[in-house]
Amino acid sequence: HLILLSENEKGYKNLLKLVTKGYLEGFYYKPRIDKELLSEYSEGLIALSSCVRGEVAHNVNRENVPRAIKVAAQYAEIMGEDNFFLELQNHQLENQDRINKEIIGIGKKLGLPVVATNNCHYIDREDFRAHEILLCLQTGKTISDPYRMQYPADEFYFKSPKEMIALFKDTPEAIENTLKIAERCELELEFGKLNLPEYPIPESYTLETYLDERSREGLKKRFSELAGRKIEFDREIYEKRLDRELGIINKMGYPGYFLIVWDFIHYAKKNGIPVGPGRGSAAGSVVAYALEITDIDPLQYGLLFERFLNPERVSMPDIDIDFCMDGRDEVIKYVTEKYGGNQNVTQIITFGSMNAKGVIRDVGRVLDMPYGEVDKLAKLVPNKLNITLNDAFKEEKQFDKLRKENTNVDELLNIAKNLEGLQRHCSTHAAGVVISSKALTEFCPLYKGGNDDVVTQYAMGSVEMLGLLKMDFLGLRTLTVIDNALKMIKQSQNVELDIGAIPLDDPATFKLLCDAKTLGVFQLESSGMRDLLKKLKPDDFKDIIALLAMYRPGPLESGMVDDYVKRKHGTMEEKYDLPQLESILKETHGVILYQEQVMKIASVLAGFSMGDADLLRRAMGKKKAEEMAAQREKFMTGSQEKKVDGKKSKKIFDLMEKFAGYGFNKSHSTAYAQISYQTAYLKAHYPLEFFGALITSDMDNTDKVLRYIHDCREMKITVQPPDVNLSQRSFSVSDNKLVFGLGAIKNVGGKAIDNIIEARQGLGQFTSMEQLCENVDMQLVNKRVFEGLIKSGACDSLGRSRAGMMKELPACMERGQGKQRDEQLGQSNMFDSFDVEEEKQSDVTVEEWSDADRLKLERESIGFYITGHPLDGFTRELSWFTDATSASVAEAGNGKSVSLAGIPIKHLPKTTRKGDKMGIITLEDLQGSVEVILWPEIYSQVLDLLLAEEPLLVKGEVDSEGNMPKVIAKSVFPLAQAKQHHHGRVLIHFRTLGLERETLMAVKGILASHKGTNDTRLHFIFPDDKERVVTVAEELRIQPSDEVIEQIQALLGEDAILFE
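Residue numbering for the sequence shown follows my numbering, starting at 3 and increasing by one per position.
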């Protein structure tokens, strides 16, 4: 170890370089530098010899004082006079007095100063226990492990001056030197100064004039687009807004920023890389719209520039950009090469910290506490974003009770509170890229992550404070889906669809939205959003903007959403306290929904400039009492000057303050609403191509693929298995069917697929397995590939059964390999010149696989079932005995009781701490899969069922803690036996119109002959739609069975019996 302190700016920059090189060039388990490198970058640095792990103290501790003297002399020479200090430490440890005496002697011998330090691993002595727990977390140990890493004393805390003086009373000069070093360190980092890279502009231009020209040319192009779409606009209003925005941009010194962003977006679009229509507040800028940085017309939607760039509050503009997932890296590469390579452009680090629930689980595990007890504590933390333990303790009084009852719980919670918020790990920020005017090591150190990604060691906020340009290059999968769908539409229908020019009032699109058939539609596919769509019945693009803004916890909990829906449908009156508010709030039916509305109200009623209005909006979001009081007074004064009634002004300000906490950025909502609408339009008009692109993009997510295939079938779309005669690499459309791509099949690689497609194009179509083997390259298409093709159903069009093709495969492959060998040697079959019918494929009858085996092998080769599902024969049971699916479990509340059915496709045996056997299974249904926890009492009863892989009915509770919701099973039994295990209510429906006494008596006879204990009720439906339910006598209660169901249905119809 070695301590290096920056004495000045030169030292700081040298320190940045040393730390960077330690990670990028000298990393071996830990970052390392050598003395040669230290010598090169020693200027401006003060070095301290460090603790007992330092090279000097380490040699002293090993009683190699001559070596210690030599090392100290080397460091003194490298660092220069008065720049190397020998450290003395006193942690009350064995050998430390001896080490200190020797180091003092070395100092006297070499004329080197000593300095008193203390290793600080925690702040207070009382944190010793928490630090031990942290060490266990870092090393994967428990506190009871005798071999765990631990510190020998509780002295490694931040000591007071008084404590340090007492510890080093015999060497006061060591204390004095700490003050001298502190006084020498005069580094002051410069914050706020922009360090933007220089955008290369043509000669005779300045940044300002070039931006002006690009913007005005771009606006003319936008005028042509608006005219072509027959949208009315006032040229003068746009030009005035452009002038004002350019004036602000130039005054604030950001023309270069806009040109940099314009340039790489221009590059992306020119190279066919899809770019999102906008993101965040940048959609409120006409300059961004003119430059095609965004595709949202801010004037058409009433968006505000000051929400994006406020002249009253100097801060860097922040334009985040969505790119197609497949092209994002290419854009980053372009930017990297343009602005100086990897030394000037790199990604940004991000730190993951310990959150409230997670830290309770972590500490409980280290303390060896029972899982169930720790799990109970973690679940007491309310499910709120970014909630702290302090807030959780206030909200949930159960914590106090459990603390008093159990000292272990008290210790766990105290330690968890100490560790909460500490950084747990670091990774590469998902989107952040920093672009510098010169080498980044002039501003910050760099770090090499686990994937060899070079990133800044400073996180996002610190990078921005240093004035570096930070851009968010986000990869948005939906843009890839849209792009691929457009390509498929061109290929299958020869239609060049301009997705940016589709009509925003398309009836089919709004019908799809009103029907809530939005699975796969961007941001509108969750069950909660689909419920809201059904209530709202959107009929205007502005409704979609509102939907995206409203569907958040704040608005949903406040009742705002219900008011919006009622007012839209006229069941609640729209009220405006002042007529001036109507023009601002009319689009949201009198509800304050957008942050921009708060800004407009402040401007209209109180005379705020838009810059001041943005400051008000920010103040309301922060909810700082002092700042809000000043803003309230300013608003009241301004409204008084505008002759607005004082009581109404106060009421309106209160309303603004209330809703500002829920208000959403309309610019962002508008941009994302466009993507939502585009995907809905594609699903409504080109469902085959849309689903083809959608499923291709999510092929690595089996649950999503299953849900999408299920949705296809709901929409009467035929999904055809892979087919060597039809399939492309990815999904494709053929004869109004969605055809699986060959790339979906396991063990079938890209080269093999390309070779099969190429051979097919040469032949027209494969007609037999033998022909297929003869015409593909047998070195690329090997046995594993053929087996995958057969099992998946890709060879079904060759006219043979799958079992038959698998049996004849070796012979066909041998013939194909022989033919290809002959062709390579230039030999030919002596009968090739004669028109002789070749030997046909073997006609030996082979018994086809059973449905169960066929589906099992299908799933084995593709990852899911295509031509059927083991649940297909249980339609009635699913209707009667389940109330949830894997998809609905994912959105169910914690602790909700559910009944669901599926196939156990994975089985992971586990052992509890007590040594009991338990298991975790993955249960797959028609819409995906979910994990089910089987505690020992259940597991022992159902192990045989799991091995049989038959459909199961699981009743249990949802556990939504952790990354993915799970089901804790309360009971498990075969789905085929669901009726026998049903203990709930049985309802028998009668329509009284035409009902005869004989029918009632026949039903009574059926009930009497199938006696059981289930609560049985008769449900009578009268001609006027009135209903009556009668509970039958105890002697007529039944036990459900196939026989009783069939008899009731034969008498009263298919839907006559229902199980609850």
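Just so you know, even glycine gets a beta-carbon here, dropped at the ideal spot from N, CA and C. Source: prediction; values computed, not measured.
Cβ neighbour criterion (16 or more within 10 Å) applied to residue i
{"i": "GLY282", "result": "buried"}
{"i": "ASN392", "result": "exposed"}
{"i": "HIS571", "result": "exposed"}
{"i": "GLU185", "result": "exposed"}
{"i": "LYS19", "result": "buried"}
{"i": "PRO967", "result": "buried"}
{"i": "THR672", "result": "buried"}
{"i": "PHE655", "result": "buried"}
{"i": "MET562", "result": "buried"}
{"i": "ASP370", "result": "exposed"}
{"i": "TYR1063", "result": "A question about residue 1063 goes unanswered here, because the residues of the chain that appear run from 3 up to 1062."}
{"i": "CYS187", "result": "exposed"}
Short Cβ contact (8 Å threshold) for residue i with residue j
{"i": "SER439", "j": "LEU47", "result": "no"}
{"i": "GLY897", "j": "ASP927", "result": "no"}
{"i": "TYR710", "j": "LEU521", "result": "yes"}
{"i": "GLU89", "j": "CYS53", "result": "yes"}
{"i": "LYS685", "j": "VAL523", "result": "yes"}
{"i": "LEU1080", "j": "ALA75", "result": "This structure cannot settle anything about residue 1080, because the visible part of the chain is limited to 3 through 1062."}
{"i": "THR348", "j": "LEU421", "result": "no"}
{"i": "VAL73", "j": "ILE105", "result": "no"}
{"i": "THR262", "j": "TYR201", "result": "One detail in the question is off: residue 262 reads as Ile in this sequence, not Thr. For ILE262 and TYR201, yes; Cβs fall inside 8 Å."}
{"i": "LEU744", "j": "ILE755", "result": "yes"}
{"i": "VAL900", "j": "VAL944", "result": "no"}
{"i": "ALA608", "j": "SER641", "result": "yes"}
{"i": "LEU4", "j": "GLY56", "result": "yes"}
Rounded C-alpha distance that separates residue i from residue j
{"i": "LEU39", "j": "THR22", "result": "12 Å"}
{"i": "LEU857", "j": "GLU959", "result": "30 Å"}
{"i": "ILE350", "j": "THR430", "result": "6 Å"}
{"i": "LYS223", "j": "LEU293", "result": "10 Å"}
{"i": "LEU1053", "j": "GLY986", "result": "23 Å"}
{"i": "HIS670", "j": "ALA285", "result": "7 Å"}
{"i": "LEU740", "j": "VAL483", "result": "15 Å"}
{"i": "THR698", "j": "GLN730", "result": "12 Å"}
{"i": "GLU375", "j": "VAL411", "result": "9 Å"}
{"i": "ILE594", "j": "LYS753", "result": "57 Å"}
{"i": "GLY255", "j": "LEU209", "result": "10 Å"}
{"i": "VAL1005", "j": "ILE1050", "result": "7 Å"}
{"i": "ASP834", "j": "ALA761", "result": "Legend: pLDDT at ASP834 = 48, less than 50; position of this residue unreliable, value from coordinates given subsequently. Each residue's Cα considered, the two are about 20 Å apart."}
{"i": "GLU589", "j": "SER863", "result": "52 Å"}
{"i": "LYS539", "j": "ASP517", "result": "8 Å"}
{"i": "LEU7", "j": "PHE86", "result": "10 Å"}
{"i": "LEU902", "j": "VAL956", "result": "5 Å"}
{"i": "ILE203", "j": "LYS253", "result": "19 Å"}
{"i": "ASP616", "j": "GLN495", "result": "49 Å"}
{"i": "VAL316", "j": "PRO505", "result": "39 Å"}
Residues near residue i by beta carbon distance below 7 Å, same chain, minus five either side
{"i": "GLU860", "result": "LYS793, SER794, GLY795, TYR867, ILE868, THR869"}
{"i": "MET612", "result": "LEU306, GLU308, MET601, SER605"}
{"i": "MET574", "result": "ASP565, LYS568"}
Cutoff 6 Å; reference residue i; Cβ partners in own chain excluding five residues on either side
{"i": "ASP705", "result": "GLY930, SER931"}
{"i": "PHE788", "result": "LEU811"}
{"i": "GLY1055", "result": "none"}
{"i": "ALA805", "result": "VAL848, GLU850, TRP851"}
{"i": "TYR2", "result": "Here the chain comprises residues numbered 3 to 1062, so residue 2 is not present and cannot be evaluated."}
{"i": "GLU1045", "result": "none"}
{"i": "ILE437", "result": "PRO199, TYR341, VAL347, LEU471"}
{"i": "LYS419", "result": "LEU391"}
Sequence-distant residues of its chain with Cβ nearer than 8 Å to residue i (five each side left out)
{"i": "PHE836", "result": "Because the pLDDT of PHE836 is 42, which lies under 50, any placement of that residue in the model is unreliable, and the number read from its coordinates should be weighed accordingly. Once the five neighbours on either side are set aside, PHE836 has no close Cβ partner at all."}
{"i": "VAL116", "result": "PHE87, LEU88, GLU89, LEU90, ILE105, ILE106, GLY109, THR173, GLU175, ALA176, ASN179"}
### Message
Using 8 Å as the cut-off, can you tell me whether the region 797 to 815 makes contact with the region 870 to 884, which would need three or more C-beta pairs spanning the two stretches below that distance?
### Response
No contact exists between the region 797 to 815 and the region 870 to 884.
### Query
If you pair each beta-carbon of the region 222 to 236 with each one of the region 165 to 178, do three or more pairs fall below 8 Å?
With the cut-off at 8 Å, the region 222 to 236 and the region 165 to 178 do not touch.
### Task
Check whether the region 146 to 162 touches the region 125 to 135, taking contact to mean three or more Cβ pairs, one atom from each stretch, closer than 8 Å.
Using a Cβ-Cβ distance cut-off of 8 Å, the region 146 to 162 and the region 125 to 135 are in contact, since at least three pairs of beta carbons, one from each stretch, lie closer than that value.
### Query
Any contact of the region 499 to 516 with the region 718 to 730, i.e. 3+ C-beta pairs under 8 Å?
The region 499 to 516 makes no contact with the region 718 to 730, as fewer than three CB pairs between them are under 8 Å.
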